[in-house]
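Residue numbers (numbering that gives the first Met the number 0): 0 to 480.
For every residue, glycine included, the Cβ atom is placed at its ideal position computed from N, Cα and C.
Here the structure is a predicted model, which is why all the values come from computation and not from measurement.
Data first, discussion second: the structure below is written as structure tokens.
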Amino acid sequence: MTGMASPTQLYQQAVQSAKDGRIDSARRQIGEFLKARPTYGPGWHLAGRLAMQQGDFRGAVRCFQRCLSLLDGPKEAPADLAAAWLKLNRPDEAVRLFRMMRNEGCWNDSLVLEAAGCFLRRQEPASAMEVFQMGRAVSKTPSVFDEPIEQLKVHRPKIAFFCGADGDTFLKPILSYLQQRYPVRVFSGSRSDEIRSLMNWSDISWFEWASNLAQIGTNFPKTCRIIVRLHRYEAYLPWPKQIHWPNVDVLVTVGNSYVLRALEHWVPDIRKQTAIVRIPNGVDVDKIPFIRREKGKNIAFIANLRLVKNPMFLLQCMYELHQIDPEYHLHIAGKLDDLLLKQYLEHQVRILGLEEVVHFHGWVEDIDSWLADKHYLVSASVIESQGMGILEAMAAGLKPVIHHFPGAEEIYGQEYLFTTPEEFCGQILSDLYEPNAYREFVERRYPLSRTLRLVDELLASFENQPFKAAARQTEASTACV
0 MTGMASPTQL
10 YQQAVQSAKD
20 GRIDSARRQI
30 GEFLKARPTY
40 GPGWHLAGRL
50 AMQQGDFRGA
60 VRCFQRCLSL
70 LDGPKEAPAD
80 LAAAWLKLNR
90 PDEAVRLFRM
100 MRNEGCWNDS
110 LVLEAAGCFL
120 RRQEPASAME
130 VFQMGRAVSK
140 TPSVFDEPIE
150 QLKVHRPKIA
160 FFCGADGDTF
170 LKPILSYLQQ
180 RYPVRVFSGS
190 RSDEIRSLMN
200 WSDISWFEWA
210 SNLAQIGTNF
220 PKTCRIIVRL
230 HRYEAYLPWP
240 KQIHWPNVDV
250 LVTVGNSYVL
260 RALEHWVPDI
270 RKQTAIVRIP
280 NGVDVDKIPF
290 IRREKGKNIA
300 FIANLRLVKN
310 PMFLLQCMYE
320 LHQIDPEYHL
330 HIAGKLDDLL
340 LKQYLEHQVR
350 ILGLEEVVHF
360 HGWVEDIDSW
370 LADKHYLVSA
380 SVIESQGMGI
390 LEAMAAGLKP
400 VIHHFPGAEE
410 IYGQEYLFTT
420 PEEFCGQILS
430 DLYEPNAYRE
440 FVERRYPLSR
450 TLRLVDELLA
460 SFENQPFKAA
470 ARQTEASTAC
480 V
């Protein structure tokens, strides 16, 4: 009788019953076996597969989860659990297993396509697109995902980007990410009618700077959703007064609260006129070579020299340090086009006796190589929105030494800040030097992946209710009155 069989015999009987198609018997036998051997992973895996065959998907989930909690479960278990979740229309749970599927060598393109299909049936195209993109990145046959991605893209919101003379420096990683997920065009014209034409094409128009193009675009009759991204300099000029903020759906800020306060100087009721969200710029640390450098005496300063970068104060700090230890050198990478400032800095370097320790390198094309023999990154700015150069240097392993400009603690905390030349010297001369901690700070607080996710979530929030659809509904309602 079955009840008298040993655990080994029960397992063998269950396997044979399954092969013979006697699923009821197989499930009963494997159940008896697991009472005697509850920590045998392959047994729970077999129980899960048998439950799947009988349409007991919840039972299958429980069995596969137990299997995965044990060390001896078959490598196929993550894929089987994902399949069970999909049968329950739970694609979110399935997607959480995809990384494990890849690591265990049981990747299954069909399951990925099925998960994306579940999201599409739930009217969640953004989630479906992320599943497709994951599949293309991991699959041994990525072309399987090309057609579904292109088919989905044409049904997603059309996005137009307007950068103008201020450039797309901070937009490049966002553009690269979004071009894989949405129909995207970047404004390359110069006339206002060309701006209007591209806005009419788009569902979402993104103005990368709160400056002249945003002023032009927001004053047209509204035909699409509008996003304006504020960096820094625009908030300290009159541009914000000329933007028609009621037409702006979202103002995106990248930096600290003082930049927003500056904007409120021009538009005191900005918070009533549009929604405001903060999405910091992200750092792609994978593209920045990290050096576990020892404490040294080369200080880097990276910026085109302008008054806002406060190089005058920097020289005062360097003078104080030079009196304590003349072996420290300041290396400046950046253009110096302002004749007045050029004369002043050269004069100060000479009268302060710093000719041998302050070096002007001009524009540096390969900044990663240039930083290889540097040990500190100093910033003397009177204001920064976020200070991407500082964060990128930290990711490379340099110790940041940052003048406490308004809002600096919101971006970097207190640890790396200084206020006086004496405090600058204290930061430089301190024995505390931890390259790993500087990189980890950037990875934790400003990963590019988080920035891209937040941007995608913002755009997806307009996806189900685009402005043009809302306008058509309004027109239809008005026509029926």
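Coarse secondary structure for residue i, derived from DSSP in three states
i: Met198; result: helix
i: Val487; result: Because the chain here runs from 0 to 480, residue 487 falls outside it and cannot be looked at.
i: His243; result: coil
i: Ser429; result: coil
i: Ile490; result: The chain is shown from 0 up to 480; residue 490 falls before or after that span and cannot be answered.
i: Pro465; result: coil
i: His374; result: coil
i: Val481; result: One cannot answer for residue 481 here, as it falls past the ends of the chain, which runs 0 to 480.
i: Thr7; result: helix
i: Val183; result: strand
i: Tyr39; result: coil
i: Val94; result: helix
i: Ala76; result: helix
i: Asp455; result: helix
i: Arg292; result: coil
i: Leu85; result: helix
i: Phe169; result: coil
i: Gly388; result: helix
i: Glu364; result: coil
i: Phe219; result: coil
i: Cys105; result: coil
i: Ser68; result: coil
Residue i versus residue j - alpha carbon distance
i: Glu408; j: Arg224; result: 34 Å
i: Asp108; j: Ala136; result: 11 Å
i: Phe63; j: Arg452; result: 30 Å
i: Ile22; j: Gly30; result: 12 Å
i: Gln12; j: Ala25; result: 7 Å
i: Phe404; j: Leu259; result: 15 Å
i: Pro182; j: Lys373; result: 42 Å
i: Asn303; j: Gly333; result: 4 Å
i: Glu146; j: Ile298; result: 51 Å
i: Val400; j: Ser126; result: 41 Å
i: Pro124; j: Leu447; result: 22 Å
i: Leu49; j: Gly42; result: 11 Å
i: Pro77; j: Ser460; result: 32 Å
i: His358; j: Ile350; result: 15 Å
i: Arg121; j: Ala114; result: 11 Å
i: Arg443; j: Ala436; result: 10 Å
i: Leu250; j: Ile278; result: 10 Å
i: Val94; j: Ala81; result: 7 Å
i: Ile389; j: Ser380; result: 11 Å
i: Leu96; j: Ser138; result: 15 Å
i: Glu456; j: Asn246; result: 20 Å
i: Asp55; j: Arg101; result: 26 Å
Beta-bridge pairing of residue i - partner residues as DSSP gives them
i: Arg224; result: Ile203
i: Gly188; result: Its beta-bridge partners do not exist; DSSP assigns none.
i: Phe161; result: Phe206
i: Ala407; result: Partner(s): none; Ala407 has no beta bridge.
i: Arg277; result: Thr252
i: Asn297; result: His328
i: Pro420; result: According to DSSP, which records beta bridges pairwise, Pro420 is partnered with nothing at all.
i: Pro310; result: DSSP output for Pro310 lists no bridge partner at all.
i: His402; result: Phe417
i: Leu229; result: Thr252
i: Pro434; result: DSSP output for Pro434 lists no bridge partner at all.
i: Pro446; result: Val282
Pair within 8 Å by beta-carbon distance, residue i and residue j
i: Gly281; j: Tyr445; result: yes
i: Ile158; j: Ile215; result: no
i: Ala209; j: Leu177; result: no
i: Gly254; j: Glu383; result: yes
i: Leu458; j: Pro172; result: no
i: Asn309; j: His402; result: yes
i: Met393; j: Val441; result: yes
i: Pro434; j: Arg270; result: no
i: Leu197; j: Arg184; result: yes
i: Thr217; j: His243; result: yes
i: Gln132; j: Gln179; result: yes
i: Leu329; j: Val356; result: yes
i: Leu87; j: Arg65; result: no
i: Ala83; j: Met51; result: yes
i: Ile287; j: Asp367; result: yes
i: Phe144; j: Cys162; result: no
i: Leu110; j: Leu151; result: no
Contact with chain C by residue i, beta-carbon distance below 8 Å
i: Asn280; result: Here chain C cannot be found, since the structure has a single protein chain.
Can we say the stretch 262 to 269 touches the stretch 422 to 430, given the rule of at least three CB pairs closer than 8 Å? no
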